[in-house]
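Here the structure is laid out as structure tokens; the discussion comes afterwards.
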Amino acid sequence: MRRESWRNQTAEFTGDSLVLRAYTDAAIPAGVLPLIGIEDAQGLRRELRLADYYTDGLPAGQWTRVSVPIGQLAMTLQDGRTFDPHRAATVFFEQWLDDGAPHTLYIDEIAITSGDPRDTTPPPVPRTLRARGFERHIELAWEPVQAPDLRGYRIERSTDGTRFKAIDVQTSWFNRYVAFLGAPGRRATYRVRAVDVNDNLSAPSETATATTRAMTDDELLTMVQEASFRYYWDGAHPNAGLALESQPGDPDLVATGASGFGIMALIVGTERGFITREQSTARMRQIVGFLETADRFHGVWPHFMSGRSGHVIPLFGRYDDGGDLVETAFLTQGLLAARQYFKADQALYDHITALWEGVEWSWHRKTPDGAFLIWHWSPDYAWKLEHPLIGWNETMIAYLLAIASPTHGVPGEVYYRGWASQAQRAVEYRRGWGQTTHGDHYTNGHSYYGIELPVGVATGGPLFFTHYSFLGFDPRGKRDRYTDYFENNRRIARINRAYCIANPRRHAGYGPAAWGLTASDGPWGYEAHEPAPHVDTGTLTPTGALASFPYTADASLAALKHFYRDLGDRLWGVYGFRDAINFDEHWISPIFMGLNQAPIVVMIENYRTGLIWKLFMANPEIGAALDKIGFVRDR
């Protein structure tokens, strides 16, 4: 049983005991209880005998709390390496004594924790439990319990209103819970208890009852938008107001690009009535105030920041200690949409304008006549990460904003010399990541599954290429020298779906309503999944299909219904759809991800009303930039 991992995770547990729950149908005598062991982050292993601690064995027909001390396992080996149980990566079990009889032991709720085992004081009772019924699930929410030793919440359900049964435990990270009932017209009553590290239970909360009900397509869209929006509202960093990289995850790791997307989701949530205008204005002031004091490098924010201090977190290594132009472009896209939405607040408008005009896009040409924008700059290592922004990919918005900047702009010709470059450096770059000559000169022209692709490498790449730059930038009815990008994006989405239907690698779960290959976590970590066999691992990401609503409305709606109605018992959670699913590996992402929830909110809204497109394009600098590039109206 491996530790759940996320970016910037602290590798060390502070607890002194390994605690778990164990259940067996038939009593297991002490002599045949298994060994329990820990493998640390170095791959070193130590075991101990459960029989030494549970001399009476484990009883049948009940869940038993098992607690064993781990400090005694620490030791230094002959080669100088030290086994450290507090840096546990895996907990494993081994047969100890072979008595010739089968024994089955069910294990749940494994944790390394600390606390006085003599403490029997229960935590406070959860307050203000609320229940809302949707088509296939009931959503519970309550006020978070304030207790230093809180471990989580026990969820109890009754179908007759009187007899309650424990159905699940929610982690202390969330004060929400989703009970997926699977069909409309089902009624249930719930209550919640807080539970601490010693398994002390609070008294039950007041009860709350709800019924699932049939929902229209429009209601389903709103449901998905609201759940995903909460990632950026309920789950924002309490000091910065910005988006965390993932949830669960490092509670201080603020993601710059995801925060820009989250700002646009904040606007949608306001217009949809999920929060009030006053609430969103206060949050936006908090965000802007934080960004004004956070680390910037020639006006450019880093990829990751501490939400407490605003200082850069070099997550990808020591060279990642400076400005990230692409993440800054994603953030600025959101800020400019917000500048128009909150323009009645003159002070807020002016503060956003100052942030926008402070970004030194021209610095990232590296030299005054540089053809390319360069992704990173470090105050300690300068241009050590020599990564030019070359399309077709997600970085188009960086060129549009660099050309649009009224203070640190670059010439319109850089769009063609850099982003759409035909130079050998650009050709080799595209061939390198695409492993093909298709699209290596920016234009493509080949057909895939009967769909011709004007621009893009190979089959167009992961779907986030068609999302991230187009959350604010409205591509409809506009054409540069090469293509109309709304139509180009539509074709990339259609090719992505057609590939999943063809399913050349025969992955489980793919089909007409199960598509969407894009960047997400997967069983082996974060990967950019796309419709090409060498980068198709069988991982489907809901945001791929759902953030494509403006391009493929019918196919995206079919995917939404499939993900929710057929897979919702596994895939739907407190912030909407979990990050990804891989049927081959029987794996579902344990997290929600900041980069992937907001595009669902924003692109569904752009499909429904065009709200964020209208706001972003209302900034006069954007139209002027398109004129400098040479975009023309596409009839």
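Counting with the numbering used here, you get residues 379 to 1013 for the letters of the sequence shown.
Note that the Cβ used here is the ideal one computed from N, Cα and C, for glycine as well.
All of these numbers come straight from a predicted model, not from anything done at the bench.
Going by Cα to Cα distance, which pick from the options is closest to residue i?
i	options	result
residue 955	962, 989, 946	946
residue 553	529, 799, 934, 597	529
residue 482	472, 489, 919	472
residue 427	596, 962, 475, 845	475
residue 944	768, 859, 559	559
residue 640	825, 982, 621	621
residue 589	667, 539, 920, 533	539
residue 655	628, 721, 701	721
residue 815	838, 794, 829, 793	838
residue 456	422, 570, 562, 893	422
residue 579	507, 593, 498	498
residue 646	465, 393, 978	978
residue 614	700, 832, 628	628
residue 852	987, 908, 649	987
residue 446	477, 576, 524, 419	576
residue 994	714, 911, 808	714
residue 556	624, 950, 967, 982	950
residue 845	983, 503, 546	983
residue 665	616, 680, 681, 696	616
residue 883	935, 920, 860, 961	961
residue 668	651, 726, 419, 524	726
residue 967	903, 770, 464	903
residue 591	653, 517, 649, 635	517
residue 551	911, 521, 695	521
Less than 8 Å between the CB atoms is what I'm expecting for residue i and residue j, so what's the real figure, rounded?
i	j	result
residue 827	residue 877	7 Å
residue 980	residue 849	5 Å
residue 750	residue 796	4 Å
residue 566	residue 537	6 Å
residue 432	residue 408	6 Å
residue 710	residue 779	6 Å
residue 531	residue 572	6 Å
residue 460	residue 395	20 Å between Cβ atoms; not a contact.
residue 568	residue 585	7 Å
residue 870	residue 834	6 Å
residue 732	residue 682	Not quite, the Cβ-Cβ distance comes to about 23 Å (not below 8 Å), so this is no contact.
Classify residue i as buried or exposed, calling it buried when 16 or more other Cβ atoms lie within 10 Å of its own Cβ.
i	result
residue 895	buried
residue 975	buried
residue 867	buried
residue 791	exposed
residue 386	exposed
residue 511	buried
residue 674	buried
residue 825	exposed
residue 916	buried
residue 534	buried
residue 440	exposed
residue 625	buried
residue 372	The first residue shown for the chain is 379 and the last is 1013, placing residue 372 beyond what the model contains.
residue 739	buried
residue 563	exposed
residue 830	exposed
residue 1001	exposed
residue 608	buried
Among all the DSSP beta bridges, which residues are the ones paired with residue i?
i	result
residue 491	395
residue 558	515
residue 754	702
residue 400	442, 485
residue 856	1011
residue 763	For residue 763, which the question treats as bridged, DSSP gives no partner whatsoever.
residue 867	Note: residue 867 sits in no beta bridge, so no partner.
residue 690	683
residue 633	682
residue 553	Its beta-bridge partners do not exist; DSSP assigns none.
residue 509	518
residue 543	535
residue 965	960
residue 569	534
residue 955	950
residue 917	960
residue 971	624
Does at least one heavy atom of the ligand SAH sit under 7 Å from the Cβ of residue i?
i	result
residue 1007	With respect to the ligand SAH, the structure shown offers nothing to examine, as it has no ligands at all.
Output the residue ranges of the beta strand (DSSP E) runs that lie fully inside the region 873–901 and measure 3 residues or longer, sorted by chain position. 897–900
Ignoring anything shorter than 3 residues or poking outside the region 428–475, list the beta strand (DSSP E) runs there in chain order. 442–447, 466–472
At 4 residues or longer, and completely inside the region 766–804: list those alpha helix (DSSP H) runs for me, N to C. 774–782
Going along the chain, which unbroken runs of the alpha helix (DSSP H) with 4 or more residues stay wholly within the region 571–596? none
Just to confirm the assignment: which complete beta strand (DSSP E) runs, minimum length 3, are found wholly within the region 595–628? none
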